[in-house]
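If you're matching them up, the sequences are chains R and Y in order. In short: position in the first sequence from 1, add 17, done, that's this note's numbering. Position 96 of the second sequence, counting from 1, maps to 89 under this note's numbering, and the rest follow consecutively. For glycine and all other residues, C-beta sits at the position ideal for the given N, C-alpha and C. What follows is a short report on a single structure.
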Amino acid sequence: MALSTEDIKKIAHLSRIEVDDNEAAATLTKLSGILGLIEQMQAVDTTGIAPMSHSQDISQRLRNDVVTKTNEREAFQAIAPHLGNGSTEPAVANGLYLVPKVIE
Amino acid sequence: MINSSLKQLGEMLQAKKISSVELTQSFLSRIQQYNPDINAYIALDEAKTLTQAKAADALIASGDTTPLTGIPIAQKDIFCAKGWKTTCGSKMLANFIAPYDAHVITQFDAAGAVNLGKTNMDEFAMGSSNETSYFGGVKNPWDFKRVPGGSSGGSAAAVAARLCAAATGTDTGGSIRQPASLCGFTGLKPTYGVVSRYGMIAFASSLDQAGPMAKSAEDCALMMNVMAGFDERDSTSLQREKEDYTRDLHKPLQGLKIGLPKEFFAEGLDANVGKVIEGAIAEYKKLGAEIVDISLPNTGLSIPVYYVLAPAEASSNLSRYDGVRYGHRAESYTDLMDMYCKSRAEGFGAEVKRRILIGTYVLSAGYYDAYYLKAQQIRRLIAQDFVEAFKQCDVIMGPAAPSTAFKAGEKVDDPVAMYLQDIYTISTNLAGLPGMSVPAGFSTGSDGKVLPVGLQIIGNYFDEARMLNVAHQYQQVTDWHAQIPNLGKPNLVLPEELK
Chain R
18 MALSTEDIKK IAHLSRIEVD DNEAAATLTK LSGILGLIEQ MQAVDTTGIA PMSHSQDISQ
78 RLRNDVVTKT NEREAFQAIA PHLGNGSTEP AVANGLYLVP KVIE
Chain Y
-6 MINSSLKQLG EMLQAKKISS VELTQSFLSR IQQYNPDINA YIALDEAKTL TQAKAADALI
54 ASGDTTPLTG IPIAQKDIFC AKGWKTTCGS KMLANFIAPY DAHVITQFDA AGAVNLGKTN
114 MDEFAMGSSN ETSYFGGVKN PWDFKRVPGG SSGGSAAAVA ARLCAAATGT DTGGSIRQPA
174 SLCGFTGLKP TYGVVSRYGM IAFASSLDQA GPMAKSAEDC ALMMNVMAGF DERDSTSLQR
234 EKEDYTRDLH KPLQGLKIGL PKEFFAEGLD ANVGKVIEGA IAEYKKLGAE IVDISLPNTG
294 LSIPVYYVLA PAEASSNLSR YDGVRYGHRA ESYTDLMDMY CKSRAEGFGA EVKRRILIGT
354 YVLSAGYYDA YYLKAQQIRR LIAQDFVEAF KQCDVIMGPA APSTAFKAGE KVDDPVAMYL
414 QDIYTISTNL AGLPGMSVPA GFSTGSDGKV LPVGLQIIGN YFDEARMLNV AHQYQQVTDW
474 HAQIPNLGKP NLVLPEELK
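What follows is the structure, given as structure tokens:
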């Protein structure tokens, strides 16, 4: 499966990582090598083999539906990033996180 | 004293021959002397560390102790420790101060152990040389031109250079065992689900597992007694009875069946490393073990399978770093999408980005069956290889890494060559089995450097106590694990009572 720099840019966008043209070209070379490695899987006949996601065949535990956590909003918001765009204020206000406006 | 075992240190502390504060200070002095060269620690907080040491001394005075009370332990910077900078080796978390403790940290605190500092690591544990760390590479104490292995490279160098009494690590594809092999100490990756992942920054959740990195199998057993155990906050933590991992240390090995997989001794293994491993096997024969030739036919597929599953899980896990609630946010951006894309482009290093891109690609619409599902199917084939093998033997042995420590920069531009470092370790992660690396000798490289070699021991599910027994018995008749690197500076002059 050959990738193009356009594919890299599309995957990067899906990953929410900005890449410029130079980076996309360099990434393409390295990713193609890794995908070449991955392609070795295609030679294996896996018909009828159940996929394995966990080494132990355990089922998901359930717990009682009771409150177990206390509100730690202040502690969590104390480590919020800076607002950016020239402001070193923490990106929080009234207990909420601040992000650029998404609805006009 | 820096070479004393955890058991000896514990006895000295409880007999009040030394205090935890004195012991801790002697390690802090060594760190001050050697860390500027080695770069094993990312974060040190002397005040916090000494406060814990004082509290440990108070516990000892009152007689309320555990075997690790007062002992200084280095923590891989992947574990959240409340009030400590916890970076996971990334610019993304360079200013992140953890607001809570990982389960592993809570367990060590409860045992009265002292947190000596946070150790360097490959960014988000993605690497086999510690060179992807935002905070710079770590030097291998046996040769400063070489890498310590990764991703737990800081913990590895700290144990090897005796800059801690013992350390923690995590192992997703070999990140405890490969550095243990390259730096010459004992490291154990437990069965998946034995140590809680709560508060351990996630890379590939179906593979990540924490374990001890220490000077001997006995030390690892004491560490496991603290680290292992059920925790309801990790949905994959296994509900099992608490174990004493030291219980089988002294059992004889007469009749032990050791399986040697032919795939672990095939092309790709450095010939000198192979000789060291053969020497270790010969020693086990003297201890009464029987050798069984076995095959793990799908070993070669473990790397392709891993590089689908691990990046896929990583791309999902690392989507939480969006610059909104914590971590790095770009200095300037136009709108929300631009903020996400710039924050992540700036915050992640090249290898982490590559793995996120691979993961996104293999999970994208139309490719899921060909990659992720296929990899999960082959994962089962790899696990079944081990099921068959363990019908014929008690433990499996082989090299932990294909070569001794390589030079810094040597593989940094060739991800695929770097990935092949983990050829002997990855399959145990995929199967969820426990594995360890034990010092087995030294190999002289072409430049005359003498470098450590690790013997890998793979056990069946929940067989850690037996593996520790197998390693401990070997360490009773060999002294490879007691060798220490010459760090090129005179050791500190210790006060008389600390000698």
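For a contact meaning CB atoms closer than 7 angstroms, what does residue 29 of chain R contact in chain Y?
Within chain Y, the residues near residue 29 of chain R are 350.
So, are the CB atoms of residue 386 of chain Y and residue 252 of chain Y less than 7 angstroms apart?
In contact: residue 386 of chain Y and residue 252 of chain Y (Cβ atoms closer than 7 angstroms).
Taking 7 angstroms as the CB-CB limit, is residue 112 of chain R close to chain Y?
Cβ-Cβ to chain Y under 7 angstroms: no for residue 112 of chain R.
Determine whether the Cβ of residue 73 of chain Y lies closer than 7 angstroms to any Cβ atom of chain R.
False, the Cβ-Cβ gap to chain R never drops below 7 angstroms.
By the 10 Å Cβ neighbour count, where 16 or more other Cβ atoms means buried, how is residue 137 of chain Y classified, buried or exposed?
Counting Cβ neighbours within 10 Å, residue 137 of chain Y comes out exposed, since fewer than 16 surround it.
Can you look up residue 9 of chain Y in the DSSP assignment and give me helix, strand or coil?
Coil at residue 9 of chain Y, not helix or strand.
Tell me the DSSP secondary structure of residue 489 of chain Y in three-state form.
With a pLDDT of only 47 at residue 489 of chain Y, under the threshold of 50, the placement of this residue in the model should not be trusted, and no figure is reported.
Check for me: the beta strand (DSSP E) holding residue 286 of chain Y runs from which residue to which?
Residues 283 to 287.
With a threshold of 7 angstroms between beta-carbons, can residue 325 of chain Y be considered close to chain R, or not?
Yes, because at least one Cβ of chain R sits closer than 7 angstroms to the Cβ of residue 325 of chain Y.
Indicate whether the contact test is met: 3 or more Cβ pairs, each with one atom in the region 214 to 231 of chain Y and one in the region 187 to 199 of chain Y, closer than 8 angstroms.
Flag = yes, the region 214 to 231 of chain Y and the region 187 to 199 of chain Y touch.
Give the interface partners of residue 229 of chain Y over in chain R, defined as CB-CB distance under 9 angstroms, in chain order.
What residue 229 of chain Y touches in chain R: 71, 73 and 75.
Using 7 angstroms as the limit for Cβ to Cβ distance, is residue 419 of chain Y near chain R?
Chain R contact via Cβ: absent.
Just the Cα atoms here: how many angstroms apart are residue 0 of chain Y and residue 10 of chain Y?
Cα to Cα, the separation comes out at about 14 angstroms.
Among the candidates Y:62, Y:432 and Y:124, whose CA atom is the shortest distance from the CA of residue 218 of chain Y?
Answer by Cα proximity: Y:62.
My parser needs the beta strand (DSSP E) runs of 3 or more residues fully inside the region 153 to 186 of chain Y; what are they?
With a minimum length of 3 residues, the continuous beta strand (DSSP E) runs that stay inside the region 153 to 186 of chain Y are 159 to 163 and 179 to 182.
To the nearest angstrom, how far is it from the Cα of residue 238 of chain Y to the Cα of residue 92 of chain R?
When rounded, the distance between both Cα atoms is 37 angstroms.
Tell me, to the nearest whole angstrom, how far the beta carbon of residue 365 of chain Y is from that of residue 301 of chain Y; I am working on the premise that it is less than 8 angstroms.
Their Cβ separation, rounded to whole angstroms, is 6 angstroms, which keeps residue 365 of chain Y and residue 301 of chain Y in contact under 8 angstroms.
Among Y:98, Y:144, Y:65 and Y:116, which residue has its Cα nearest to the Cα of residue 107 of chain Y?
Minimum Cα distance to residue 107 of chain Y is reached at Y:65.
Counting contacts by CB-CB distance shorter than 7 angstroms, is residue 91 of chain R in contact with chain Y?
With 7 angstroms as the cut-off, residue 91 of chain R does not count as an interface residue toward chain Y.
With H, G and I counted as helix, E and B as strand and the rest as coil, what does DSSP make of residue 55 of chain Y?
Residue 55 of chain Y: helix per DSSP, three-state reduction.
If you reduce the DSSP assignment to three classes, tell me which class residue 114 of chain R lands in.
Residue 114 of chain R: strand per DSSP, three-state reduction.
Measure from the alpha carbon of residue 288 of chain Y to the alpha carbon of each residue in Y:262, Y:60, Y:383 and Y:469, then state which is nearest.
Of Y:262, Y:60, Y:383 and Y:469, the residue nearest in Cα terms is Y:383.
When you compare only the Cα positions, how much space is there between residue 4 of chain Y and residue 104 of chain Y?
Each residue's alpha carbon lies about 15 angstroms from the other.
Around the C-beta of residue 243 of chain Y, are 16 or more other C-beta atoms found within 10 angstroms, so that it is buried, or is it exposed?
So residue 243 of chain Y ends up on the exposed side.
At 8 angstroms on the CB atoms, spell out the chain A contacts of residue 297 of chain Y, in chain order.
Reference to chain A is not applicable here, since the protein chains of this structure are R and Y.
Which chain R residues sit within Cβ distance under 7 angstroms of residue 335 of chain Y?
Correct list: 35.
Apply the 10 Å Cβ neighbour rule to residue 215 of chain Y and answer buried if 16 or more other Cβ atoms are within range, or exposed otherwise.
Buried, since its Cβ has 16 or more Cβ neighbours within 10 Å.
Let me know if residue 8 of chain Y comes out buried or exposed under the rule of 16 or more other beta-carbons within 10 Å of its beta-carbon.
The residue in question, residue 8 of chain Y, is exposed, as its Cβ has fewer than 16 Cβ neighbours within 10 Å.
Residues of chain R with CB closer than 7 angstroms to the CB of residue 321 of chain Y, please, in chain order.
Those within 7 angstroms of residue 321 of chain Y in chain R are 98.
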